[in-house]
Structure formats: C-alpha cells, structure tokens
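*Asks:* Going left to right, the sequence shown walks through residues 3 to 589 as the numbering used here numbers them. Glycine included, every Cβ here is placed at the ideal spot set by N, Cα and C. Being a predicted model, the structure only gives us computed values, none of them experimental.
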Amino acid sequence: MDPEKLPLTNCHTHIFKADHVPPWLSKSYLPFGTAYLINTAVIVGLFRAWYKLRDYFVHKISWLERARRIYAQIVLGISQNTIIKIVFYIVGLWISLQVLFFLFDLLAQYFPVGDSTEKSWLQVSRDWLTNNGILVETLTKTTYWILVVVVLLFVKSGRNLILFLLKRFFKFFALLPGKETTKFISRYVLVGRFAFYKNQRDIFGRLTKQYPQGSRFIVLPMDMEFMGAGLPRESYAQQMNELVSIKQDHPSVFLPFVFVDPRRITAQKLNNLQKDFFSYRIGPNKEILLQDCDMRDYLEKYGFNGFKIYPALGYYPFDEHLLPVWKYAVDHDLPIITHCIRGTIFYRGKKKSEWNMHPVFKEKVGNDEMPMLLKERKNREFSINFTHPLNYLCLLKEPLLRIVVGNAKDPRIKEMFGFTDFETPLLNNLNDLKICFGHYGGEDEWLKYLEADRDTFSRALISKPNGIDFMRNSNGQFSHDKLAQMWKSTDWYSIISSLILQHPNVYADISYTLHDAGIWPLLSDTLDRPKLEGETRNLAEGILYGTDFYVVRNHKSEKQLFAELKFNLSTKNVDIIARDNPMRFVK
C-alpha cells in the first residue's frame, strides 16, 4: 500500500453464515408449500455433503482422477481436429432430433399442445426428416432414454434447442424458473457454497486476502428473524458476538455495523428474559443518550462503526421506532447503509392491509388529495415500496419529517425533534443524516436513466446544480402530486444522485451493481461530472467503492471486480471512491 495514500476501503461486504439465514427463504418462489421441504438446512446439508464426497473422490480414488484426465484429453483432441469436430456436431444434432420428437410425443400424452400453427409446422418438419431417413421412429424406449441422458450430459447446444422448442409447445414449461427465480436460486446456491465455513472469521480471512494489506472493510450483518421465513439456526446475538471477537482482533480494518430492525426493538422490549436491544433517554439538549442495551454495548463498548437497515424485509426507513436511532446517529456522526436495489431477499410473511396506502405520500384523485395507493399484491413486487429511495425524503426533508414526527404515538419522538404543530418547523431535524444508498439503486435503474430521455425529472440532473427539486413544483409550491409522479416513473439513479447533491452527508455505494459491465460508462461520466454554477457539492464526493462480498460472487470474484475498477476508472477516481470518500463516511 502506498504510504502517502489513505487506506483502501470496501464499503459493503458480508460475512454472515448459512446458519444466519432463515429456513424457508424460498417462500414466494417455490409452489405448493415445497419451500418447507427445500429449505436452507437442506441446501446447506447437501453442499456440505457434496464437498466431503468431492474431497473423498478426488483424493482417495486415484482411478477417477485418471479417468477425468483421459476424458479431458479426448475433448481437447476432438476440438483441435476439424473433421472429427464436424462429425461429432452432426452426430450430436442427429441425437438431439431423436430426443426432441421422443419427448414431444411423451409430453403430448399428458399436457395440451399450444399453438396449432406451430404444431403443424413441427409435423411438416417431422415428415420431412422421416422421409429423408434422418428421423428414426423404430428405436426402443430404452434406447431413447439413453439418448436423452447423452444429450443432457454431453450435447449442450442440443439441450438448449430442445428446451427452447418444448417451452414453445407446452405451457407447463412456463413453470420453469424465470429470471427472478433463477437469481434467487443462484443466491441460495451461493449460501450453500459458503456453508463449509463454520465461522465468520474464516470468511473474513478469505475476503482480506484478496486486497492490499491494510485495506479496511465495512462488514454488514443481517437480521432475518422477522421476515416471515422462519428462524435461523443461530440467533442475531450469536452472529454479533462473532463480530465482536473479530473487531477486538482487527480494530482498525474491521468496521462492523449494527443491523437495526424496528421489530427487534419492540420484541426485545417485550421479552423480559432479554436485555433491551435499544433503550434511551433524552438529554438536556435533546440529544439521545443510550441506556443499558445491546446497542450501547455494540457501539460504545465494542466500537462498532454504524448502522445497517434492509427495509425490503418489511418496514419503512422512517418507522417510528427507528427515529430515535437516527437522531442518535446524527448526534454522534454515525453512518447508515441502507439496501436500495430490487432483490431476492424480502418480507415473506402475510402482507398487512395497512400497507395498501403509503404512510406519508399522497396522490391526486380528481380534485382531492388522497393517500398514495400501493397496488402491488405479491410480496416480491410490494417490497419495492419499502426500498424506494423517495422514502428517505421523509427523513432528510424537514417538512416531510415533520409529518412523520407529528403522527408518532410515542410523545418522546415529538420531544426530541422539538415538534410544535404541523405548520411549525421542527427545532431538530435529520438534514445532516449520514446515509449511504447501498447498490446505488441497481444496474436496472442505471439503464432506465440512460433510456429516459423524455423524463422531465431525470433531465434536471444534467441541467440543474442540485438535480431534482423534490419539494417544489413549477409554481414554487410543495406538491404531493409531483412526488407521486416521481414515485411511479423516475429512475432511482436520478433520485439518489439528486439527494447526494443536496445533502453533504448522503452517499451511494456501487456494490453488486459494479459486476455489470454496462455501468462503467455512466459511472465514469458521473465521477467526471463538471461542477455546475451554484452547485454546493460535486457528485463524485458522494460515491463509495463496495462489492457486496460474498453475495456478488455468483458473478465475479473480488480480485476481478477490483481489477475491473482500476481498468475502467482513472487512478484519481479510484482513489476518490475507494480511499478519500470512505474516510469521510466512516471514521
């Protein structure tokens, strides 16, 4: 590491274990209650068994390794001989055709065939292939099944062709995993891949070995006990105890955050057998003073460095129980990282009826303003409402925070913020809240920004020094209707970038999003954005380097991500987002 430079910081990493993941994570993805059978414990058990068996077969059975070597040599020989390669291609195509029509006839006995036009086209093809002696219909069933196995194992192109055509003819194949389900399965498999790590220290060790010595890492735990997917094998307290131990051994490079879920605050307060998770009193200057509670231990005794929230698990970031935590964060200049991307981890329980309306935002219905209706019915789609970056206006913008505080049931909330009435500004606010939007909205929202050449709000990011004016319409007045329009149409990249320009302590990290090669041009353009007249903060000052280790491992390794960062950005910009900005974000 260059002694003249600040240490490199990865601002978004995870080292939680499979034992910290709830068992029924596949709810909302798998049908008919199968999620209760194919659960986290099963996946973890299979992977642990697989690694043990693999080690046994690789190291104990020498003939198997020799057979694999011979097979690899045969494949290499075929690939390097053009004539043999052509012969194998023709044979593979012939076998694939036999398998295609065999499976079609088999499935047609049990499932209705789709479009009649496509069916007649297939029949014409069958007749032509049969008349020319290519399709053989006299093979035994045993032979057909052997050919099916051959295609599945060795003929990738034939396998893909058969699956594509069968999807066209049989609606049953629509039940096969779609894009989102495939992403979820990949996440499940990833948990399994790290299942053989028995403690978080080992996972952290694997992370640090991929970076220069002295690099720092913000480590974000996960509390998934309240997401409606069952209880993890190990409690949140056990997870945090491991982090305490690592922090004590690596105080300067290991920067753990405290995961905060408002439901844990209330659950532990009601449980007389547990210490409160969060307990406080209000000081003489309206500051938040922690009393004996878990959070005081983590922050003031063990030196944890900030807070992590994941609203998609079933709450808004302006939940009443979180407001004292955010006031404490402002009082002590502690950072918060929030999850801000569409993802596969979200609330799996029963959707509550009170969620049908947004707690703060309104929309115009005729000449009336009514609470904004949230129409999404399925948990997967509805979780976006919890994640939406416009929710953070209810913390960062005093007039909206005033509404939240005024509606709070606990009178201490009104006291700490100096609430008088809904017309009078608060004496204390959260304008300086230090918060980072994890994942910067996601690569899909970046693409949406690039394509949104007609969106009036996103254009403001280019033409106005502070980006989108959230609080005033064209007449200079506050408009709920404007916020409702942005909620439904404006890309998250523009929203988050505008908040960075308007608030000196708002940041966004590029974790997970950076695995997509398509984001590099816009990231480079964002970092090199010229400072406009009247602009108080450069956009580059609010961007942080992060990877989302180990979640991003399905796509790329840490070494590859960091190498691509250095290849795609100038040394100056790498230093800005990976050294300078993180040092301001987390002390």
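1. Taking H14 and D550 to be in contact with their CB atoms under 8 Å, please state how far apart those CB atoms are, rounded to whole angstroms.
2. Quick one: give me the first and last residue of the alpha helix (DSSP H) that F206 is part of.
3. Checking the sheet assignment: what are the DSSP bridge partners for N12?
4. Measure the Cβ-Cβ separation of P337 and K466 and say whether it is below 8 Å.
5. For the stretch 417-436 and the stretch 206-214, state whether three or more C-beta atom pairs, one from each stretch, are separated by less than 8 Å.
6. Output the residue ranges of the beta strand (DSSP E) runs that lie fully inside the stretch 247-315 and measure 3 residues or longer, sorted by chain position.
7. In whole angstroms, give me the CA-to-CA distance for V332 and S476.
8. Can you tell me whether S434 is helix, strand or coil according to DSSP?
9. Are the stretch 365-373 and the stretch 449-465 touching, with three or more C-beta to C-beta distances below 8 Å?
10. With a CB to CB cut of under 8 Å and the five nearest residues on each side skipped, what residues in its chain are close to L567?
11. What's the gap between the Cα of G316 and the Cα of N468?
12. Considering Cα atoms alone, identify which of V101, G94, F228 and Q562 is closest to R265.
13. Are the stretch 134-152 and the stretch 101-116 touching by the rule of at least three beta carbon pairs closer than 8 Å?
14. Tell me the DSSP bridge mates of P338?
15. May I ask you to report which of helix, strand or coil DSSP gives L429?
16. Considering just the uninterrupted stretch of the beta strand (DSSP E) at F363, what are its terminal residues?
17. Under 8 Å, with one C-beta from each stretch per pair, do the stretch 275-288 and the stretch 302-320 reach the 3-pair mark?
18. Hey, out of N12, F564, I498 and Q293, whose CA is closest to A510's CA?
19. To which residues does DSSP link A510 through a beta bridge?
20. Assign I17 to one of three DSSP states: helix, strand, or coil.
21. For T458, count the other beta carbons within 10 Å of its own beta carbon; 16 or more makes it buried, fewer makes it exposed. Which is it?
22. So who's on the other strand from E371, going by DSSP bridges?
23. Could you tell me whether the stretch 347-357 touches the stretch 378-397, where touching means 3 or more Cβ pairs closer than 8 Å?
24. May I have the straight-line CA-CA distance separating V603 from P401, to the nearest angstrom?
25. Looking only at C-alpha atoms, which of T132, H323 and K288 sits nearest to D263?
26. Note down, in chain order, each residue of its chain lying with its Cβ closer than 8 Å to the Cβ of G285, except the 5 sequence neighbours on either side.
27. Do you know how far the Cα of A74 is from the Cα of S496?
28. What are the start and end residues of the alpha helix (DSSP H) that includes K490?
29. Less than 8 Å between the CB atoms is what I'm expecting for L376 and N358, so what's the real figure, rounded?
30. Looking at the strands, I want to know which residues DSSP matches up with I343.
31. Closest to W489 by C-alpha separation, out of N133, G232, W96 and H360, would be which residue?
32. List the endpoints of the continuous alpha helix (DSSP H) containing F472.
33. In angstroms with no decimal places, state the Cα-to-Cα distance between G443 and I521.
34. Over the uninterrupted alpha helix (DSSP H) stretch that includes M226, give me the two end residues.
35. How close, in whole Å, do the beta carbons of F306 and V260 come, if the pair is a contact with beta carbons under 8 Å?
36. Per DSSP, which one or two residues make a beta bridge with F551?
*Replies:* Working from what's here:
1. 5 Å
2. Q202 to T210
3. DSSP lists F219 as the bridge partner or partners of N12.
4. no
5. no
6. Considered as a whole, the stretch 247-315 harbours 256-261, 282-284, 290-292 and 308-311 as its complete beta strand (DSSP E) runs of no fewer than 3 residues, in chain order.
7. The straight-line gap from Cα to Cα measures roughly 32 Å.
8. Checking the sequence, you will find Asp at residue 434 rather than Ser. It is coil, neither helix nor strand.
9. no
10. L516, Y547, V576 and A580
11. 31 Å
12. F228
13. In short, these stretches touch, since the Cβ pair count reaches three.
14. It is Ile, not Pro, that sits at residue 338 in the sequence shown. F309 and I437.
15. coil
16. M359 to V367
17. no
18. If we check each option's Cα against that of A510, I498 comes out closest.
19. F439 and I545
20. coil
21. exposed
22. K366
23. With a cut-off of 8 Å, the stretch 378-397 and the stretch 347-357 count as touching, because enough Cβ pairs lie within range.
24. Here the chain comprises residues numbered 3 to 589, so residue 603 is not present and cannot be evaluated.
25. H323
26. These residues qualify, in order along the chain: L291.
27. Whole-angstrom Cα-Cα distance: 50 Å.
28. H482 to S491
29. 6 Å
30. G443
31. H360
32. Neither: F472 is in no alpha helix (DSSP H) and is coded neither H nor E.
33. 12 Å
34. Unbroken run through M226: none, as it is neither H nor E.
35. 5 Å
36. T15
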